[in-house]
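Below: one structure, written as structure tokens.
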Amino acid sequence: MDLTLSESELAFQAETRAWLAAHVPAEPLASMDTAEGWAQHQAWERQLSDARWSVVSWPERYHGRDASLVEWVIFEEEYYRAGAPGRVGQNGIFLLAPILFDHGTPDQQDRFLPTMATGERIWAQCWSEPEAGSDLASLRSTARRDDERGGWLLNGQKTWSSRASYAHWGFGLFRSDPQAQRHAGLTYFLFPLDADGVTVRPIAQLDGEAGFAEVFFEDVFVPDADVLGGVGAGWDVAMSTAGNERGLSLRSPGRFCAAADRLVDLYRETPDGPDRDAAAQGVVDAWLGAQAYRLYTWGTVTRLAGGGDMGAAGSVNKVFWSELDIALHETALGLRGPAAEVGSTWLDGYTFSLSGPIYAGTNEVQRNIVAERILGLPREPRPSRGAPT
Amino acid sequence: MRFEPTDDQRDLAGALEGLLSASDTVAVARAWADGDTAAGLALWRRLADLGVTMLATEASPVEVAIAFEALGRHAVPGPWVESAAYLPIALGHEVEGVATLALPPLVPFALDADVADQVYVGATPTDQVGAQHPSVDRARRLFEVTGTAETHPEALDLAVLATSAQLLGAGERVLADSVAYVKQRKQFGRQIGSYQAIKHCLADVRIALDFARPLVVGAALGEVPASAAKVAAADAAYLASRTGLQVHGAIGYTAEFDLSVWITKIRALVSAWGTPAHHRALLLGSLVDSRDGTDR
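Top line first, the protein sequences correspond to chains S and U.
Remember, the numbering used here sits 585 above the position in the first sequence when you count from 1.
Remember, the numbering used here sits 105 above the position in the second sequence when you count from 1.
Here is the structure:
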């Protein structure tokens, strides 16, 4: 047991901290779900990339630093500690890039990774459909073979697609074999969101901004070169993305440590009274939760560095951080008293936190995974195939 | 950076697990509750031979936590926190035999004072042992002692850590036994563990224990205060005990069924060596006092 950082890790930490201190914008950027904020966030991604901070764990040839897992966690801790802007490119960087590295062709890696690193091309995830949410394998959007042109024609509808209102390209699953059932016969496609036949309809979220969108496909042509991971292999490829989304990549510990520190500051500044008294336990528990998450992450890093994988532990993680995030922001709103409803970064954080238990697989689905794959409890009997629904 | 047990630490855990799982510790605890302490004292000597009483002075708090997790998992009775965590640090040497103490007001009674070779108030010996009081955990026999004491801060931290580790072990045991039970108990023609209502409750226990453990180990390494370990381990173990009882149904509510040994022990340990409210207040005080928190 040893939590000390090496000389080179400490040097990396110091370099990260110094650069962020000098470059993080003093004023928060506008919401990335507005046209103005989108442009500001893309410019910030460019600035990060120019100094090679946008994708530290990637190889140098793709604008990275070949950073180790430990260094990546250090970077994330420093990033949130510095109060740096949200990452508009995160769906691509955290969800698609690991798949491109593992399953992509060299040509795909060369075509897609550099512009992802610079923020020039922002990616949206197109998975859910109106009738396929938690039960993703029931998706109905199709890919039909077009031998003449050497590719596929996509048809159907995707929804709840984060960032799709402004993003440039999308990635998603389509049913390429109409005879195959559920998990079989799905293929993973990459496609421009301004292609012929694609219609993007923004959807306003709770806060009124177009944070996600519906995407409609009418005979959208995708060449074979933009199939990721092989025809019919889409489910396995997609599930390796799900592990990333639930696990380490989306919620770095620094995010919660920094928020818990700010919550302690808010508590300190709040005048004595019933709102402050009622929040005391919430403040301690938010700080405890953030510390637990930070230390748990170091355990995960140790296991991954030793050759292990996240497995179903990503589901343990996802339930914990999503509930911590809500509780932390509820406590902050409690401390703000009658001003809780007034626009503030705490209110923005609260509204965003409410989506945590829903996206990336609802927490109910995660609890099923924990119970079945970690505790070994029996699966629920499923209705037989062909039973009337 | 390596936040996982070393091979030596795994070996220690394995040796303790081997000894305790072969020692019918539930029978030992039940006899101890009835005042028959012979088997418990014999087990005490075997654990002392394995080195448990010298870990506080000869090893690190990580090893102490590993040992106490095993004691909690197997519901081993006796004043272990007193003899193997608080007193070795407060006295500056390993305790020979069985010792116990009170530390009023935080620890109002001396546990198992009638079987102890030496009774202390703080680090001061006393022979003024008074009336016995029952505990919710029948294997914890509480005695009044008279005297005043100063608290040894490092000794108290290690006692709080050891109690936290015991809670973690007890919580893990309740979860494991509950999972085994819901896989074999059938109602409405199915194992009850196949129902989501049961699954989600037990998943929440798994999650709570998984995030309490790094705080216990983190406290052993000095990354967070011992209070952080106690709050998280008490909350997680208590959730395990409530959930474990609920999924067992009426059989879990009997004294005869072994689950009762852990349910009552967890309730006792939740308030032992500082209640959760006490430790939360300490944490809040240190957070408010320090500009930067304590996460560096």
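Heads up, the beta-carbon is just placed ideally off N, CA and C, and yes, glycines get one too.
Would you decide whether residue i is buried or exposed? Buried here means 16 or more other CB atoms lie within 10 Å of its CB.
i        : result
S:PRO923 : exposed
U:TYR191 : buried
U:PRO239 : exposed
U:PRO315 : Inspection of the sequence shows that residue 315 of chain U is occupied by Asp rather than by Pro. U:ASP315 should be labelled buried.
S:VAL927 : exposed
U:ARG278 : buried
S:LEU595 : exposed
U:ARG385 : buried
U:TRP119 : The sequence shown places Gly at residue 119 of chain U, rather than the Trp named in the question. With fewer than 16 other Cβ atoms within 10 Å, it is exposed.
U:GLY390 : exposed
S:MET701 : buried
U:ILE368 : buried
S:PRO856 : exposed
S:SER719 : exposed
S:PRO715 : exposed
U:ALA147 : exposed
U:TYR286 : buried
S:GLY971 : Because the pLDDT of S:GLY971 is 49, which lies under 50, any placement of that residue in the model is unreliable, and the question is left without a value.
S:MET824 : exposed
U:HIS59  : Residue 59 of chain U lies beyond the stretch modelled for chain U, which goes from 106 to 401, so this question has no answer here.
Any beta carbon of chain S sitting closer than 7 Å to that of residue i?
i        : result
U:GLU174 : no
U:ARG347 : no
U:GLN296 : yes
U:ALA270 : no
U:ARG372 : no
U:VAL329 : yes
U:LEU160 : no
U:ALA308 : yes
U:ALA138 : no
U:ALA207 : no
U:ALA333 : yes
Spell out the partners DSSP gives residue i in its beta bridges.
i        : result
S:LYS743 : S:VAL800
S:ASP709 : According to the sequence shown, residue 709 of chain S is Ala rather than Asp. In DSSP, S:ALA709 forms a bridge with S:GLY755.
S:PHE806 : S:LEU738
U:LYS291 : U:GLN296
U:HIS238 : U:LEU247
S:TYR773 : S:LEU758, S:LEU813
U:TYR225 : U:LEU206, U:PRO230
S:ILE788 : S:PHE797
S:GLU714 : S:ALA717
S:VAL927 : None, per the DSSP bridge assignment.
Could you list which residues in chain S have their beta carbon closer than 7 Å to that of residue i, in chain order?
i        : result
U:VAL167 : MET586
U:ALA337 : LEU873, ALA877
What does residue i reach in chain U if we use C-beta pairs closer than 7 Å?
i        : result
S:GLN866 : ARG385
S:TRP883 : MET106, PHE108
S:VAL822 : Within chain U, no residue comes near S:VAL822; the closest Cβ sits about 27 Å away, beyond 7 Å.
What distance in whole Å lies between the Cβ atoms of residue j and residue i, which are believed to be in contact at a cut-off of 8 Å?
i        : j        : result
S:GLY848 : S:LEU913 : According to the sequence as given, residue 848 of chain S is Leu; it is not Gly. Indeed they touch by this definition, with Cβ atoms about 6 Å apart.
S:ASN676 : S:ARG748 : 6 Å
S:VAL673 : S:GLN710 : Actually they are not in contact, since the Cβ atoms of S:VAL673 and S:GLN710 sit about 14 Å apart, beyond 8 Å.
U:ALA331 : U:ALA317 : Their Cβ separation, rounded to whole angstroms, is 13 Å, which puts U:ALA331 and U:ALA317 out of contact at 8 Å.
S:HIS608 : S:GLN632 : 7 Å
Do we get a CB-CB distance below 7 Å when we pair residue i with the residues of chain U?
i        : result
S:PRO856 : no
S:ARG952 : yes
S:GLY946 : no
S:GLN876 : yes
S:LEU572 : For residue 572 of chain S there is no data in the structure shown, the boundaries of chain S being 586 and 974.
S:THR887 : yes
S:LEU880 : yes
S:ALA956 : yes
S:GLU915 : no
S:TRP643 : no
S:GLN658 : According to the sequence as given, residue 658 of chain S is Val; it is not Gln. By this cut-off, S:VAL658 is not an interface position.
S:VAL901 : yes
For residue i, return the contacting residues in chain U, with the cut-off set at a CB-CB distance below 9 Å.
i        : result
S:ILE684 : Within 9 Å Cβ-Cβ: nothing; S:ILE684 doesn't reach chain U, min ~27 Å.
S:PHE905 : ILE312, ALA313, ASP315, PHE316
S:GLY782 : None at all; the shortest Cβ gap to chain U is about 40 Å.
S:TYR852 : LEU389, LEU392, VAL393
S:THR589 : MET106
S:GLU733 : None at all; the shortest Cβ gap to chain U is about 49 Å.
Going along chain U, which residues have a C-beta under 8 Å from residue i?
i        : result
S:GLY961 : VAL284, LYS288
S:GLU965 : SER299, TYR300, GLN301
Give the residues of chain S in contact with residue i, contact being defined as C-beta atoms less than 8 Å apart.
i        : result
U:GLY357 : In chain order: nothing, as chain S lies at least about 18 Å away.
U:THR111 : MET586
At a CB-CB cut-off below 9 Å, which residues of chain S make contact with residue i?
i        : result
U:VAL322 : MET586, LEU880, GLY884
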